[in-house]
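Asker: 1 is the number of the first residue of the sequence shown in UniProt numbering; add one for each residue after it.
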Amino acid sequence: RPPNAFILYRSWKSKVLTADSDGDHRQVDLNKTIASQWRALSPQQRAWWVALAKTKAHEHKMRHPDYRYRP
Numbered sequence: 001r002p003p004n005a006f007i008l009y010r011s012w013k014s015k016v017l018t019a020d021s022d023g024d025h026r027q028v029d030l031n032k033t034i035a036s037q038w039r040a041l042s043p044q045q046r047a048w049w050v051a052l053a054k055t056k057a058h059e060h061k062m063r064h065p066d067y068r069y070r071p
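1) Roughly how many whole angstroms lie between the Cα atoms of Asn-4 and Ala-53?
2) Answer yes or no: does any C-beta atom of chain D fall closer than 9 Å to that of Ala-51?
3) Which value, in whole angstroms, describes the spacing of the CA atoms of Pro-65 and Arg-1?
4) Considering Cα atoms alone, identify which of Ser-21, Pro-71 and Trp-12 is closest to Ala-35.
5) With DSSP collapsed to three states, give me the class of Leu-41.
Encoded structure:
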């Protein structure tokens, strides 16, 4: 399943934050920090992540044309 805009942002931001830290971080705290930063993004900044998610979704569709999400 292709990632949505927030998942892409979270993946990138998680790498940035953990690379800059001393290694002492909990996922729950990291998630709260990243979610707060996501909500603070401007519409233009979010639009970039949404466009990236659409690109990833298109790539996924090309690689897996018969894929259907079935929870």
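Ideal placement from N, C-alpha and C gives every residue a C-beta, glycine not left out. The structure presented is a predicted model; accordingly, all values stated were derived computationally and were not measured.
Answerer: On the basis of the supplied data:
1) Along the sequence shown, one-based indexing puts residue 4 at 4. Along the sequence shown, one-based indexing puts residue 53 at 53. Asn-4 and Ala-53: Cα-Cα distance of roughly 5 Å.
2) In summary, chain D is missing from the structure at hand, where a single protein chain is found.
3) For this step, residue 65 is matched to residue 65 along the sequence shown. For this step, residue 1 is matched to residue 1 along the sequence shown. Annotation: Pro-65 to Arg-1 spans about 12 Å, alpha carbon to alpha carbon.
4) If you number the sequence shown from 1, residue 35 lands on position 35. Put simply, of Ser-21, Pro-71 and Trp-12 the residue whose alpha carbon is nearest the alpha carbon of Ala-35 is Trp-12.
5) Numbered from its first residue, the sequence shown carries residue 41 at position 41. Coil at Leu-41, not helix or strand.
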